Amino acid sequence: MEKENKSDGKAKIIRYTPWLVHFNTGACNGCDIEVLAALTPFYDVERFGIKLAPSIRHGDILLVTGAVTKKAGERLKRLYEQMPGPKFVIAVGTCACTGGVFAKSYSVYAGADKVVPVDMYIPGCPPRPEAIIDGIAKLLKKLEQS
Amino acid sequence: MIEEINELVKEGLLKEVGTIKPNRELYEFSHERIREIFKQLLERLGEKGFYLATIVGTDILKDKKIRLDYYVVVLPEETTIVLRTYVDRDNPEINSILDLIPAALAPECEIHDLLGVVFKGNPALRRPFFVPEELVEKGIYPLRKDARV
Amino acid sequence: MAIDKVIEVPYALEIPVGPQHPALHEPILLKAYADGEEVVKVEVHTGYNHRGIEKLAEKNSFYRDIFIVSRVCGICNGVHANCFVRAVEQILGIEPSPRAKYLRVLAMELERMHSHMLINAVMAEIIGFDSLFMNIMRDREYIMKSKEIVTGNRVSADYMIFGGVRRDLSSDKIDKLRKLIDRVIPRIKYYKKLFMEDETILKRLVDVGVVKPSEATLYGLLGPVARASGVKIDARASDKYDAYGEIPFNVIVRNECDAWARMMVRWDEALESAKIIKYVLDHLPQDGKAVPDERRLPRRFPPGEAYTRVEAPRGELIYYVMSDGKPMPYRVKIRTPSVHNILNTAKFYIGYSIADLPVILTSWDPCISCMERLTIIDLRTGERRKVPMKELAGGGKKWVNPRYSL
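See below:
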């Protein structure tokens, strides 16, 4: 998927307090609870200024978990369109990266990049919370350089 | 062996045919009498006496049949019994038991969408429920053995 | 219910909750129709998570299926794998060693503990008690750590295999586990006390979402939902699978029938699980190899069928496996507890206020990925008789900004 030019300097704006939006497109919940664990005190992603946004209209980073099912795929596209720019997508977990064990199923599109442009892939089944935080931090670093 | 079920066997509504591992007693019945059987179960065991665990639909391609297994858990010992029936594969129709047992909603809708069995009298049946629309347009039931998905 | 009141209120409000939902992290769309503050009808729209797993299982070999079914649900992956593995073991006619059986129980009980803590934390968040949410989540990490020690991964571990488990437990790990569990037990007791005494929690949960015992069986509700309504069902106690026949434990039953009772059942069960875990750690049998030699596992599967039940954290989980002698199963049927607990419960929202809606939904412990592997339903049946006039009033459906979510 092609992505509109994002290195126009605007991306720098969000690098101190990016707001996360989490969308489950057909995950087994494994990645979801790890995302939740990353947000809660033991791992605490908030120390990077990252916060869970209440609505997609406030979000800067979309966390996609799970193999994208055909029905959720339309929703994912709609959510992505509703996000204000600059916007970034992180695929969390093997299923969101490639479709994982569900890739050949009749109701799955496979990876999230089939529907929306993805900026960062975090593999793992499920990735550990440390890995998720590492992925987000790396994305922020990338923004700094852009 | 549960006494109430035994009575139904004696009355000829059910036929004992063996067991499914591990030790689930298996009974067969003819699919026209499904409502009669569940009415009797409700009467004899009571509303609190059992629950419908699930319905398993299997496509038996070589016999041209669709097999429906009604799994009933009898309380308080939680004995699982299996009530098995067959419907014709080309014209799969059976009466719905939704109005007798509301728990049948989920399995009936599921089997309708995946195997194409029509539960007569269930107003919630609808396609597409969750099977992607492109499959529904082609009239494909994904769990049938000859479906190429 | 007075009919004339309905005529005064000309329309019902339609409130979509989800599928992108800030609190629940799971895709479900509840369409609630409200008359003023009162919910008059709820439709559950799902299907965002349907992955066609039963068909996938038919197209892959028995060995690959272990890994597919454990990805039905991440939270209860061990239970799913255990149920499938035991069904195939029944067909094959093999039995794991006693040590493996105890280790399976250990993994499943750890799962139950962290699942119950998670849903109680989510409930605290839903009712606006954020600090409690964070505290419970923090203590839950001890359980995740224990699970990692036992199975090798925090969440999906693929711990079960035909004839045993895939990792043994050494004695120094057992000591570590004991310490972790001992740290969690007083915390759970404290949270349980909090749920019993805290006024805000009581005000939000007591007498909300009442399910009568006869309704629980008629609607096929399972697990903590049924047990909180006084229906004593527990597959652990009745089927005595794995080592549960040898381990003493209580089945928790409460008679309050409301959302509060369901949460309390979960706290009590978490404590009960801690007891089971300690028993397992003390009585772990030394005989027999827990880890089977994977090269010697059977490659041929005889024809046959098996139907196994497992008490998952959310209730009775069912697998039906049929083999016709080929390397792939002929049919795999998965029935998860959430199918019944969510889809059959649209009726129980009616009459409560909009603010109670997420509370009731959370009290079922919704696990959407479990439910939706195969099902989506429109729950329009049955409700019409209950609120006919309000239904009529809702016929004109005023459209509300769909972005407004609860």
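Chains as they are written, first to last, in the numbering used here: chain P, 15 to 160; chain C, 610 to 758; chain G, 702 to 1107. Note that CB positions come from ideal geometry on N, CA and C, so glycine has one too. What you are looking at is a predicted structure, and each value in this text was computed from that prediction instead of being measured.
- With respect to chain P, the C-beta atom of R752 (chain G) has a partner C-beta closer than 9 Å.
- For R89 (chain P), the enclosing alpha helix (DSSP H) starts and ends at K84 to Q96.
- Per the coordinates, the alpha-carbon of I934 (chain G) lies some 46 Å from the alpha-carbon of Q96 (chain P).
- Contact check for R1001 (chain G) and E759 (chain G): beta-carbon distance about 18 Å, past the 8 Å limit, so the pair fails to qualify.
- Beyond the five residues adjoining it in sequence on each side, G853 (chain G) comes within less than 7 Å, by CB distance, of R868 in the same chain, given in chain order.
- Taking the C-beta atoms as reference points, N821 (chain G) is found no nearer than 9 Å to G924 (chain G).
- Along the length of the segment 757–797 of chain G, whole beta strand (DSSP E) runs at least 3 residues long do not occur.
- At a beta-carbon threshold of 7 Å, the residues of chain C lying near K933 (chain G) are P685, ordered along the chain.
- The beta carbon of S915 (chain G) sits closer than 9 Å to some beta carbon of chain C.
- Chain-ordered listing is empty here: chain G has no CB closer than 8 Å to the CB of I136 (chain P), the nearest sitting near 14 Å.
- In this structure, S1024 (chain G) lies away from V926 (chain G), with their beta-carbon atoms at least 9 Å apart.
- L661 (chain C) reaches chain G at G921, counting residues in chain order whose Cβ is nearer than 7 Å.
- Chain G has no Cβ within less than 9 Å of the Cβ of I706 (chain C).
- Following the DSSP letters along the chain, one finds F728 (chain C) inside the beta strand (DSSP E) bounded by residues V727 to K729.
- Only those residues of the segment 67–84 of chain P whose C-beta falls short of 9 Å from the nearest C-beta of chain C are listed: T83 and K84.
- Fully contained in the segment 45–86 of chain P are the following beta strand (DSSP E) runs of length 3 or more, in chain order: 75–79.
- Counting C-beta pairs closer than 8 Å gives three or more between the segment 986–997 of chain G and the segment 798–814 of chain G, which meets the contact rule.
- Comparing alpha-carbon positions, the option among G:M897, G:Y1050 and G:I1051 lying closest to V966 (chain G) turns out to be G:M897.
- Among the CB atoms of chain G, one or more fall inside 9 Å of the CB of R633 (chain C).
- Note that the C-beta distance between T31 (chain P) and M838 (chain G) is not below 9 Å.
- Per the C-alpha coordinates, the member of G:I769, G:D883, G:A971 and G:Y1053 positioned closest to V912 (chain G) is G:Y1053.
- Annotation: the segment 933–1008 of chain G contains the following complete segments of the alpha helix (DSSP H) (minimum length 4 residues), in chain order: 936–940 and 960–983.
- Leaving aside the five residues that flank V626 (chain C) on each side, the residues in its chain whose CB is nearer than 8 Å to its CB run, in chain order, L635, Y636, E637 and R693.
- Listed by position along chain G, the residues whose Cβ is nearer than 9 Å to that of E645 (chain C) form an empty set, because the closest Cβ is around 19 Å away.
- Scanning its chain for C-beta atoms nearer than 8 Å, with the 5 sequence neighbours on each side dropped, one finds around I776 (chain G) the residues E812, H815, S816, L819, V856, P1014 and C1068, in chain order.
- Within the DSSP secondary-structure output, L677 (chain C) pairs in a beta bridge with C:G666 and C:T694.
- Look at S705 (chain C) here: in three-state DSSP terms it is coil, with no helix or strand label.
- CA-to-CA, the gap between R937 (chain G) and R1010 (chain G) works out to about 9 Å.
- At a cut-off of 9 Å between beta-carbon atoms, R839 (chain G) makes contact with chain P.
- Annotation for F116 (chain P): A81, C109 and V122 place their beta carbon closer than 7 Å to its own, counting only its chain and skipping 5 residues before and after.
- For V770 (chain G), the closest alpha carbon among the candidates P:I104, P:E60, P:W33 and P:C42 is that of P:C42.
- In terms of CA proximity to G107 (chain P), P:L77 leads the group P:K101, P:L77 and P:V129.
- Of the candidates G:L972, G:E1017, G:D1066 and G:A1007, G:A1007 places its Cα closest to the Cα of L793 (chain G).
- Contact of N1045 (chain G) with chain C by beta-carbon distance below 7 Å involves P711, A712, L714 and A715.
- Short of 7 Å from the beta carbon of A67 (chain P), and not among the five residues preceding or following it, lie these beta carbons of its own chain, in chain order: W33, L34, V35 and G73.
- Listed in chain order, the positions of the segment 985–1006 of chain G with a beta carbon within less than 9 Å of a beta carbon of chain C are G1005 and E1006.
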